[in-house]
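Heads up: the structure comes next, in structure tokens.
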Amino acid sequence: MTIINAQADPLRSDEETLAAVLRRAGVPVEQRVFEGTTHEFFGMGKVVPAALQAEQYAVRRMQADLD
53 MTIINAQADP LRSDEETLAA VLRRAGVPVE QRVFEGTTHE FFGMGKVVPA ALQAEQYAVR
113 RMQADLD
């Protein structure tokens with residue numbers, strides 16, 4: 053499972069808890085925090101460089117999961 057977090061995100065602690073619970077259950081989790089971003093950053097790749105990086109990262113992770 054891949055979890056993408058913004059640095060300043062009110063849901064970040066919940067996502068960190070989710071990742072920890074999944075790991076304890078034996079689920080492989082890759083979690084990445086994109087520094088300098090806020091909750092709504094994903095999908096703003098045309099104007100926020102970190103968002104473009106996150107979008108590209110998500111595509112790579114999905115491709116790897118499908119291989």
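Numbering (the working numbering) for the sequence shown: 53 to 119.
Here a beta-carbon is modelled for each residue, glycine too, at the ideal position from N, C-alpha and C.
A quick note: this is a predicted structure, and the numbers were derived from the prediction, not measured.
| Check | Outcome |
| --- | --- |
| Residue closest to Val81, alpha-carbon to alpha-carbon, out of Ala71, Glu92 and Val99 | Ala71 |
| Simplified DSSP assignment, three categories, for Val99 | coil |
| DSSP state of Val81 mapped onto helix, strand, coil | coil |
| For Phe94, the residue or residues it bridges with in DSSP | Beta-bridge pairing links Phe94 to no other residue. |
| Euclidean distance between Cα positions of Glu87 and Arg112 | 19 Å |
| CB contact check: Arg113 to chain D, cutoff 9 Å | Here there is only one protein chain, and chain D is not present. |
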